[in-house]
Amino acid sequence: MSVVKVAGRSDTWAATTPSCTYVFGVVRAEEDVRIVQWYWGPPLPEAALPEIPLAVAPRLTASFRDPYDIEELFPVDGGRRWGVPSLRVRYPGGVRSAELAYAGAEETAEGIELVLRDDAYGLRVSLHLTCAGDVIERWVSVSNDGAQAVQVERLDSGSWVIPERYGYRHSTVSGAWSAESRLGRRELPVGETTFTSRTGATGHHANPWIMVDEGDAGEESGEVWTVALAWSGSWRMTAQRRPEGDVAVSAGFGHDGVVWQLAPGEKLITPKTLGLYSDGGFGAVSRVWHEYARRFVLAFPDEDRPVLYNSWEATGFDVTESGQLALAEKAAGLGVELFVVDDGWFGARVDDTRGLGDWWPNRERFPDGLAGLFDGVRALGMRAGLWVEPEMVNPDSDLYRAHPDWVLHLPGRRRDTMRNQLVLNFARDEVRGWAFGWLDGLVREYGLDYLKWDMNRSFSQVGWPGAGERADRVWIEHVEGVYQIMDELRRRNPGLRIESCSGGGGRVDLGILRRTDQVWTSDNTDARDRQVIQHGFTQFYPPGVMSAWVTDSPNPLTRREVPLRYRFHVAMAGVLGIGGDLTRWGEGELAEARGLVAKYKEIRPIVQRGRLYRLAGDPGVTASAVQYNLDDQVVVIAYNPFALTDQPPRRVRLAGLDPEAVYEVTGCDDLATFTVPVGSRWHGRTLMSHGVVLPTWFHLGADYRSEILTLRRLDRLLDETD
Ligand code: DGJ
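According to our numbering, numbering within the sequence shown proceeds without interruption in unit steps and concludes at 1018.
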């Protein structure tokens, strides 16, 4: 069992994963009860657990601070506490200050549930904790066992204490549309630093994870603590750093100022907050998160993600059967396996002003439906996929004219549009029923293999007239509605795969990944910009879910010109797709692309499921290289955007190899392979300690050089073979 009782201590437990031990327990501070985190760090043997002192080291506090103020797993707004509360309630009569008593623990095969009660009002709080590989999963359920409604004003999944260190640095990603996932690493300021989305979705501006280190962790060494939240709606993560030195991170769903009414007998369950400690630096932390996603989140982690074609950048809304089939023919010729028809195929949707919500094939464009198009796609040997945006509606649509009350709105307030659209309220049963009905119908009618599920605006004027006191629950229940429909679609259509998209990478999180297979990383497909975005993305999410397309040059968004090979090599670092206007690619480009798609298929299992090492450089900014290891296979992709300026070191040192083993170079797609010829053999130790000279780094030519090196571990030693 992963959670054990600490011998000789009352009500104290330790959760041990391969990389850490987490000790916590009940403290009775005068009449108050706290669930306190005592230790979070390298794994401790069971015999050592009683050596962890069950007392907070004293500080000079006078009468202004409680000794346990920041050490709790679930600090409430109540009693002697002044930090960030995980729970804030208002009881009948306006009474605040939750006062929870410990009511026992239930140890299960998976973990533990600690039960707390506020007996005066019948509020029951359960703190759940389990281990999943190296990750500690925690969540909370709050039930109203009393006779009167309780107002919940804040309910986080819990708080994590970062052990005391000399300094604290935090790493997060931030960004915007077309500039998602930009990694930032800076000192954690004293005070409360909040990362949040108030958009109703995960958002482009921040992503629900944070890494904290002492300021000394590197790519492959040093202690790092990470906290994450598996949720796809509005969220909030607050890192509080006290001037005295303590740091805690509280994570939860929700939204400022909303009140979740909990009627008698009702229960609220939070999403999971996840904690990970590693002393292997940021690289090890990324690899553990990737592994966690594969083992505990993704439904089909071992399946190769197909090479897809999507014409959005090529045709925009100009979707016709003949136009799509012309592209499909070219795509099939390149080795594409899945053809996805994007926006513009339905209702009166010839631009973004109308038709959203009318999910039948556009009658002028597809008078006989989509069967002809998809039959054509299948005849070319490809699978069929379709773009949908189920949560949205244009006011100029039959759906809105029939059901204007289905959108989020407040009586007497404007209904502000963005991209000419409003948000449907997926908390409502009839809206969920409608959405599931047409989605399931489409998937079945056309035998769809793939849906790209998009969401192109943030919530505003968020109301649910008629729901009374439940109205603010829409912040939770809309997301649960999306989850429920996706889950049910997948249950009824086991072959269906889903891509999450929200104007690019606006809905990327471990909640959505539980019911989707990959995500659209960004609408920015410029290879240089993408390197920056992909670098931030893969700090937390695995390359095997990161959709990356090769599009035209100059890039339609940035106007930057980048050679085809470099564009491919950047997209091949994740799940390769193609999104350019293939009808305008010359024969030479098509032939080169065909070769690169074939190369990708060779390395795909290693890229999509391997262990990622960021070897060096600042991707997209300087020369850089990434490596993927899977079993005995190794793939290195090296990039150098510059010619003679900013020359990097000439050698690339590999990582994560068996130092005693011998590796054979099986492929090097640069012409100048004299430094690492195919068939040459190297000790793992040499590759990691001395490295190899890659032509891409060892300067030979123009801007935007890149190459792929592949190696295979031999099952015999060098001296046995020579
Ligand atoms: C936003 C997505 O990110 C794009 O890829 C495309 O699907 C458009 N929406 C279509 O409206």
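Cβ atoms here follow ideal geometry from the backbone N, Cα and C, with glycine treated the same way.
task = Report the residue from SER315, TRP749, ALA344, ASP328 whose alpha carbon sits nearest the alpha carbon of ALA303.
result = ALA344
inquiry  = Runs of 4 residues minimum, wholly inside the region 817-845: which ones carry the alpha helix (DSSP H) assignment?
reply    = 823-833
task = State the DSSP-derived secondary structure class of ALA288, mapped to helix, strand or coil.
result = The shown model of the chain, from 297 to 1018, leaves out residue 288, and the question about it has no answer.
query = Is ASP1018 buried or exposed, if buried means 16 or more other CB atoms sit within 10 Å of its CB?
reply = Residue placement at ASP1018 is flagged as unreliable, the pLDDT there being 46, under the threshold of 50; the coordinate-derived value follows with that caveat. Looking at its Cβ environment, which holds fewer than 16 other Cβ atoms inside 10 Å, ASP1018 is exposed.
ask   = Three or more beta-carbon pairs under 8 angstroms between the region 590-608 and the region 806-819, yes or no?
value = yes
ask   = My guess is that ARG661 and VAL615 are in contact by the Cβ rule of under 8 angstroms, so how many angstroms apart are they, rounded?
value = 6 angstroms
inquiry  = In the DSSP assignment, the alpha helix (DSSP H) including ASP694 goes from what residue to what residue?
reply    = 694-698
Residue burial classification, ARG697 (beta-carbon count within 10 angstroms, cutoff 16) = exposed
message = Does the beta-carbon of TYR752, which I'm using as the reference point, lie nearer than 7 angstroms to any heavy atom of the ligand DGJ?
response = According to the sequence provided, residue 752 is Asn. The question's Tyr does not apply to it. Within the cutoff, so yes.
inquiry  = With the cut-off set at 8 angstroms, would you say LEU872 and TYR896 are in Cβ contact?
reply    = yes
message = Among the candidates ASP654, GLY665, ALA397, TYR935, whose CA atom is the shortest distance from the CA of GLU327?
response = ALA397
task = May I ask you to check if the CB of GLY799 is nearer than 7 angstroms to at least one heavy atom of the ligand DGJ?
result = yes
task = Would you kindly work out how many angstroms separate the C-alpha atoms of LEU1007 and THR834, rounded to a whole number?
result = 22 angstroms
ask   = Can you list the alpha helix (DSSP H) stretches of 4 or more residues lying completely in the region 706-743, in chain order?
value = 725-742
task = Compare the C-alpha of GLU515 against each of ASP725, GLY952, GLY980, ALA998 and name the closest.
result = GLY952
task = Under the assumption that VAL922 contacts LEU911 (Cβ atoms under 8 angstroms), give the Cβ distance between them as a whole number of angstroms.
result = 6 angstroms
ask   = Using the C-alpha atoms, what's the distance from VAL581 back to CYS427?
value = 16 angstroms
Three-pair Cβ contact test at 8 angstroms for the region 695-709 versus the region 754-765 = yes
request  = Tell me whether TRP608 counts as near the ligand DGJ, meaning its Cβ is closer than 7 angstroms to at least one heavy atom of that ligand.
outcome  = yes
query = For the ligand DGJ, is there a heavy atom less than 7 angstroms away from the beta-carbon of TRP683?
reply = yes
ask   = Where do the ends of the beta strand (DSSP E) carrying PHE864 lie?
value = Unbroken run through PHE864 is the alpha helix (DSSP H), 860-867; no beta strand (DSSP E).
query = Considering only residues of the region 935-999, which uninterrupted beta strand (DSSP E) runs meet the minimum length of 3 residues and lie entirely inside it, listed in chain order?
reply = 958-964, 977-979
key: Sheet register partners of ILE331 (DSSP bridge)   = VAL322
task = Run the proximity test for ASP638: is its beta-carbon closer than 7 angstroms to any non-hydrogen atom belonging to the ligand DGJ?
result = yes
message = On the CB-based measure, 16 or more other CB atoms within 10 Å of its CB, does LEU356 come out buried or exposed?
response = exposed
ask   = So, do the region 926-938 and the region 835-848 have three or more beta carbon pairs nearer to each other than 8 angstroms?
value = no
request  = On a CA-only basis, which of PHE836, PHE994, GLY997 is nearest VAL431? Give me that one, please.
outcome  = PHE836
ask   = Can you tell which of HIS865, ARG861, ALA869, MET868 has its C-alpha closest to the C-alpha of ALA887?
value = ARG861
task = Pick out whichever of THR522, THR313, THR879 has its Cα sitting closest to the Cα of LYS626.
result = THR879
Nearest-angstrom Cα separation, counted from HIS586 out to LEU666 = 37 angstroms
ask   = Can a CB atom of chain D be found closer than 8 angstroms to the CB of LYS897?
value = Chain labels in this structure do not include chain D; a single protein chain is all it has.
query = For ARG450, which beta-bridge partners are listed by DSSP?
reply = ARG384
ask   = On the three-pair Cβ rule with 8 angstroms, is the region 451-462 touching the region 762-769?
value = no
task = Along the alpha helix (DSSP H) that carries GLY631, what are the first and last residues, could you check?
result = Careful: GLY631 lies outside any alpha helix (DSSP H) and carries neither H nor E.
query = Is the region 813-823 touching the region 787-805, taking contact as three or more C-beta pairs under 8 angstroms?
reply = yes
message = For LYS897, report the span of its beta strand (DSSP E) as first-last.
response = Not the beta strand (DSSP E): LYS897 falls in the alpha helix (DSSP H), residues 883-905.
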